[in-house]
Structures are given as structure tokens and as C-alpha cells.
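Single-structure report; data block below.
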Amino acid sequence: MRKLMLLILPLFFTIQLPAEALSLEECIQLALKNNPDIRISEKRTQIAEEDVLQSYNNILPNVGIGYSGSSTSQGPRTRYFEGIPFDTTGKSSSLQHGIGVSVKQNIYDGGQWWNSIKLAKNDLYGSRIERERMRQYVIKDVTAKFYTVLKAQELLKVYEKSLENSREQLKKSAEMYKIGQVAKKDLFKAQVNEGNDRLNIIAQKAVYKNALADLNQAMGRNPDEQIEVMEKEYIKPEPTALDFAIEKAFANNHELLVMQTAQTGSEMQYKIAKGSWFPSVSTSLNYSRGGEDFDLVYSKFDEAWNTSLNLNLSWSIFNGFQRKTAIQKNLLNYKIYDDHIAKKKIEIRNQIQSLIEKLNTYMEMIDIQELNIVSAQEDLRLAQEMYRLNSATLLEVLDAQMALTRARQQLISTKYDAKIAEAELAFLMGTL
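Under the working numbering, the first residue of the sequence shown carries the number 14, and numbering increases by one thereafter.
Below, the structure written as C-alpha cells:
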């Protein structure tokens, strides 16, 4: 009995658990949780937040405190006058203690400090926009891959149904050949048709497997993890007005917003560069105290102290055109963004127009293709009945089968391509 249990036990560990069936929303939530690009964008935003805090260092005072201690020793020495010694001193040593506090404050630097703060805050805003852009990109990517899996899954069912019809037709052809009702060539044609359908299934299974791997990767999971997807109900995309879509995109498209934020940052850099034309003013205050007695460091505050107050003014008059060229380069970089933004708007307008036309075409095609399937089913039924009555050839039956399979393929592809296009349009509009 024990040996039997040892033989059976490993089987429990090799049995595969059924794959989990996930909806689109569940896939999106997994991706937002696990996708490394999301985590990277979060960390970059945190870095930008630290940069904002660091940008205040040019206006906040710089305060320092320090202690110094020194010991000096001197050996015995004799002083001579015309070779005659007249003064002799013994070994001596001294010990000095000191403590000091310094405060430095920037007063004016041509506006560079406040423009640096504005630049850091603008970079933080841009980082948050980029984080949101990445979030919406992940949603779009997962949505596209989710519907690609559904399309591959439904097409596999179509091919399996086609194989079922082919085998049924092969069985009928074999029976009719046995009784001499059809020629042997009809049997061969039916066998070839059945073989082609099996090949289609093999190829489609590979497509389905690759689509699942792509979806797993988009969700931040291992590509070979077992998974199934489901959709309770297919919802046809709603039509979108072109002007409305363009207006939304110009206001919310995150790639465009990132570009506009970069232009604002370039403007800040230009203003910082211009600040170098102006003088810089700063002040510093120093306080120190100490002496041979260490007690003077922390007592008798009315004795043994020194203070100094300094006002510093510096103005660079000429630095070999370095300042002038830096200002001009920053100005040109700022103006370049005008062209980048104009180009991006044209690109967005073109993409939206193309997607809306594609979506409108898909929606019309869905209605037509649903009718095509009904018609193809009736054509196949009639062809099979006529073939049974020896009033039609096998070729006509096979053509009717292929027409039905093709109609189903087209409807499935159109339905899920429409959902992918819908997600791409929403991403462009910044509304995912």
C-alpha cells in the first residue's frame, strides 16, 4: 500500500491546474500592478520631487559650524649677541581651541534661483504627465493584446468548426463513393480539404499561443504562464465625431502635453542663462571664539570672540562669448519646440482622422458581415442537400464551406480589430 501511495503521489503534483479566466479589466489591473514600466515611471516621479526640494538650495541660507584645535610645541633655544649668549628659553608648548559659526545667504543672482525652482517644478509636472502617459499606454497595450488573444481564440473555434464540417463531408463522400454515387476524385478532394483544415488549426494554435505570451508580457508576467481570457458581451464601438476627438486630443494627449512641458522647461533654462548677465549679491556672517583655555569655547561669552559681516558683489563683464552663445542656444532650443509641437499636432490630427475612418468602416463591415454569415450558412445547407441528391458537385460544397469559414473569419477579425482601433483612439485622445 505504501509503495502504491509513493507511485500515485507524484501524479498530484504533475496535474495542471485549470488556467484562470481573466476579463479585460482584470488584465489591466494586473498590468498596472506588475508592469515594470509603471514602476520605473513612479520612481522617476519621486526623483523629480526630490529635485524640487533640492532647487531651493540657492535661496536658503547655508549654515555651518566647526571646531578647531591645535597644539604647538617649541624646544629650548638660546639667543646670541656677537657670539655671546644672553638669553635662554626653555621648552614651551601651547594649545588653542576654537569654535565658529558661519552663515551665507544669496541675495540676488539675476533671477537664476527662482527660475531654477520653476524649472524643477515644471520637470515634476512633466514627470507626472509622463507617468500618466505610461499608465494609459499600458492600458492601450493590454487592451490591444487582450483582443488579439480573443481574436485568435475565436478564429481557432472557426477552424475547428470548419474541420468538423470537413470531416462530416469526408464521411458522406466516403459513403457515397462506396455505393458508386460519386467518383473517387470527390473522395480525394474531401480528404485534401479535411487535411487543409487540420493544418489551419495547427497554425492558428501557434498564433493563439504567441498572443497569450504577448499578453502575459504586457501584464508583467512570465510569457508561459497559463491564462485564459473572457468577454461576457461584445460591445460595438460607438461613433466619435472628428472635431470632438481632435479637440480632446489637443487638450489631453499626453505625448503632446509632455512636449509642451518640455518647451516650458526650455523657456526656464533660457531665463536662467539670461540671469548670468546680471550681478550676483550675497552676504556672509561669521562668528568664532576660543583660546588656550577650552572653557572659553562654551563660557565667558563676552570674551575671546570675533565676528565678521561680509557683503559680496560680483559681476562678470566678459567671458569670451560663452555667456552670449549659451543664451542664444537656449533661445533657439525654446523656439524649436514650436515646430515640434506644430508637427505633433498635424500627426495627431492625421492619426485621429485615420482611426475614425477605420472605425466607421469597421462598424459598417460588421453589419454586412453578419448578413454574409447568414447567407453563407444557407448556401452551404443548399449545396450539401443538392450534393446529396447528386445535383451539385463536391467542389460546390467545398466552395460553400470555404465561403462560410471566410465570412466567419472576416467578422471575427473586424470585430476585434475595431476594439483595438477604439483603444488606440482613446489613447490619442488621452481618455483611457
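Each residue gets a CB set at the ideal place from its N, CA and C atoms; glycine is no exception.
Would you call Lys56 buried or exposed, if buried means 16 or more other Cβ atoms sit within 10 Å of its Cβ? exposed
Whole alpha helix (DSSP H) elements within the stretch 209 to 282, 4-residue minimum: 255 to 265
For Leu322 and Leu45, the rounded distance between their alpha carbons: 57 Å
Excluding the 5 residues flanking Ile152 on each side, which residues of the same chain have their C-beta closer than 8 Å to its C-beta? Ile41, Ala44, Leu45, Ala436, Phe440, Leu445
So Met442 packs on Ala262, CB below 8 Å; how close in whole Å? 5 Å
Just the Cα atoms here: how many angstroms apart are Leu417 and Glu181? 15 Å
Exposure label - Gln239; buried when at least 16 CB within 10 Å: exposed
May I ask which residues mark the beginning and end of the alpha helix (DSSP H) holding Ile379? 335 to 401
Extent of the continuous alpha helix (DSSP H) run through Tyr80: Per DSSP, Tyr80 belongs to no alpha helix (DSSP H); it is in the beta strand (DSSP E), 75 to 87.
Pop quiz: Ser84 and Gly111 are said to be a contact at Cβ under 8 Å. What is the actual Cβ separation, rounded to whole angstroms? Actually they are not in contact, since the Cβ atoms of Ser84 and Gly111 sit about 13 Å apart, beyond 8 Å.
What's the gap between the Cα of Leu395 and the Cα of Glu241? 37 Å
Distance, Cα to Cα, Ile142 vs Pro49? 17 Å
Same chain, Cβ closer than 7 Å to Val271, five either side skipped, listed in chain order: The beta carbon of Val271 sits closer than 7 Å to those of Gly139, Ile142, Glu143, Arg146, all from its chain and outside the five residues before and after it, given in chain order.
For Tyr300, which residues does DSSP report across the bridge? Val114, Thr320
Can you give me the C-alpha to C-alpha distance between Asn119 and Asn75, rounded to a whole angstrom? Approximately 9 Å between the Cα atoms of the pair.
Starting from Ser179, trace the alpha helix (DSSP H) in both directions and tell me its first and last residue. Boundaries of the alpha helix (DSSP H) harbouring Ser179: 125 to 191, taken from the DSSP string.
Whose C-alpha, out of Met281, Gln282, Leu324, Lys287, is nearest the C-alpha of Val294? Leu324
Once you ignore the five residues that flank Leu411 on each side, which residues in its own chain have a CB closer than 6 Å to its CB? Asn206
Smallest Cα separation from Thr253: which of Ala133, Gln366, Ile379? Gln366
If we ignore side chains and look at the alpha-carbon of each, how far apart do Asp64 and Asp122 end up? One C-alpha to the other measures close to 20 Å.
Burial state of Asp351, where buried means 16 or more other Cβ atoms lie within 10 Å: exposed
What is the residue span of the alpha helix (DSSP H) that Asn6 lies within? Residue 6 lies beyond the residue range present for the chain, which begins at 14 and ends at 445; the question has no answer from this structure.
Residues bridged to Ala34 (per DSSP): BP columns for Ala34 point to Glu241.
Buried or exposed by the 16-neighbour rule on C-beta atoms within 10 Å, applied to Gly380: The sequence given here places Asp at residue 380; Gly does not occur at that position. Exposed.
Collapsed DSSP secondary structure at Leu407 in the structure displayed: helix
Alpha-carbon to alpha-carbon, Leu393 and Ala196: 21 Å
Sort out for me which residues DSSP pairs Ser68 with in a bridge. None; Ser68 has no bridge partner.
Inter-residue spacing [alpha-carbon to alpha-carbon] between Leu108 and Ser115: 23 Å
By Cβ distance below 6 Å, which residues in the same chain neighbour Ile354 in space, the five residues on each side in sequence not counted? Met272
What's the call for Thr374, buried or exposed, on a 16-neighbour Cβ count within 10 Å? exposed
For Gln194, which of helix, strand or coil comes out of DSSP? Three-state result, Gln194: coil.
Tell me, to the nearest whole angstrom, how far the beta carbon of Ser289 is from that of Ser329; I am working on the premise that it is less than 8 Å. 7 Å
Buried or exposed: which applies to Gln397, given that a residue is buried once 16 or more other Cβ atoms fall within 10 Å of its Cβ? buried
Alpha-carbon to alpha-carbon, Leu37 and Thr58: 28 Å
How is Ser54 classed by DSSP in three states: helix, strand or coil? Note: Ser54 maps to helix in three-state DSSP.
Residues of its chain near Asn128, where Cβ-Cβ distance is below 6 Å and the 5 sequence neighbours each way are ignored: Met281, Lys284, Ile285
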